[in-house]
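Peer 1: Below you will find the structure I want to go over with you.
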Ligand code: DC
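Residue numbers (this note's numbering): 10 to 224.
See below:
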């Protein structure tokens, strides 16, 4: 069994917040896998290429590796450049391609080589680490997720309304859960947590109690 705490769920459910807090609490490395798909979209954009122009050769030349949980793209940390709404939309598109998912699978498996990690994404418990020792599916209603996004102002343009954000998130949900390859869904053995009425600390305490049973 893999020493991985797999955390999956839709955009805006609070996955990253609780995943980071959980990793801190447990004293283990946090790995965000959405960054990989964002990095592919970002690298395409840097070369003025459309998603349709992505080739195996392009992926081969793109170096992606995690060092202590931080993703390095061609040796550098792209930081906030990956967190824009445009790159999020591009990431959702590239994440539908089998060639991309195949290329990113070993990068993710490699990240778990050195002991326990918390890994966050959409298919960690179903595809990347189906044998993870502990799996969670973090979710919340569309409205709750949109309100949080708006409050954080991350990935939201200055004058976006709640309706705009709900529409954006619904579109991404649709793309992420309807795609043929590795769609967003809870693993059968995942603990499902609806974060709508919970504080991050409450969610983390509930998760830590589960992890400590198997760690
Ligand atoms: O979690 P995020 O918003 O950074 O993810 C960006 C996109 O990448 C999102 O549209 C879903 C996709 N993704 C994926 O398909 N599989 C993962 N393990 C992580 C992210």
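Note that CB positions come from ideal geometry on N, CA and C, so glycine has one too.
Please report the distance separating the alpha-carbon of residue 111 from that of residue 81.
Peer 2: Roughly 19 Å between the two C-alpha positions.
Peer 1: Please confirm whether residue 130 and residue 144 have their CB atoms less than 8 Å apart.
Peer 2: Cβ distance not < 8 Å, so residue 130 and residue 144 don't count as in contact.
Peer 1: Is residue 176 close to ligand 1? I mean its beta-carbon at under 7 Å from any heavy atom of the ligand.
Peer 2: No, the Cβ of residue 176 stays beyond 7 Å of every heavy atom of ligand 1.
Peer 1: Could you work out which residue in 128, 159, 150 is closest to residue 41 when comparing CA atoms only?
Peer 2: If we check each option's Cα against that of residue 41, 128 comes out closest.
Peer 1: Quick one: measure Cβ to Cβ for residue 191 and residue 11, integer angstroms, because I've assumed they're closer than 8 Å.
Peer 2: The Cβ separation is near 17 Å, so there is no contact.
Peer 1: Please classify residue 181 as buried or exposed, where buried requires at least 16 neighbouring CB atoms within 10 angstroms.
Peer 2: Answer is buried; the Cβ neighbour count reaches 16.
Peer 1: Just to check, is the beta-carbon of residue 12 closer than 7 Å to a non-hydrogen atom of ligand 1?
Peer 2: Every heavy atom of ligand 1 is 7 Å or more from the Cβ of residue 12, so no.
Peer 1: Roughly how many angstroms lie between the CA atoms of residue 193 and residue 68, to the nearest whole one?
Peer 2: If I take the Cα positions, the gap works out to 23 Å.
Peer 1: Tell me where the beta strand (DSSP E) around residue 79 begins and ends.
Peer 2: Per DSSP, residue 79 belongs to the beta strand (DSSP E) from 79 to 82.
Peer 1: What's the gap between the Cα of residue 48 and the Cα of residue 73?
Peer 2: Rounded to the nearest angstrom, the two C-alpha atoms are 8 Å apart.
Peer 1: Tell me, which residues are paired with residue 74 by DSSP?
Peer 2: Note: residue 74 sits in a beta bridge opposite 81.
Peer 1: Are residue 21 and residue 157 closer than 8 Å when you measure CB to CB?
Peer 2: Yes. Within cutoff.
Peer 1: Between which residues of its own chain and residue 63 is the CB-CB distance below 8 Å, once the five residues before and five after are set aside?
Peer 2: Same-chain partners within the cutoff: 49, 53, 103, 106, 108, 109.
Peer 1: Can you give the Cα-Cα distance for residue 267 and residue 179, rounded to whole angstroms?
Peer 2: The chain is shown only over 10 to 224; residue 267 falls outside these bounds and no answer can be derived.
Peer 1: In three-state DSSP terms, what is residue 203?
Peer 2: Of the three classes helix, strand and coil, the one that applies to residue 203 here is strand, per DSSP.
Peer 1: Between the segment 30 to 37 and the segment 198 to 213, can you find at least three pairs of beta-carbon atoms closer than 8 Å?
Peer 2: The segment 198 to 213, when compared against the segment 30 to 37, does touch it at the 8 Å Cβ threshold.
Peer 1: Output the residue ranges of the beta strand (DSSP E) runs that lie fully inside the segment 47 to 133 and measure 3 residues or longer, sorted by chain position.
Peer 2: Complete beta strand (DSSP E) runs here, min 3: 73 to 76, 79 to 82, 126 to 130.
Peer 1: With a cut-off of 8 Å on the beta carbons, I'd call residue 125 and residue 91 a contact; round off their distance for me.
Peer 2: In fact, because the Cβ distance is near 25 Å, the residues do not count as touching under 8 Å.
Peer 1: At which residues does the alpha helix (DSSP H) containing residue 223 begin and terminate?
Peer 2: Counting along the chain, the alpha helix (DSSP H) containing residue 223 begins and ends at 209 to 223.
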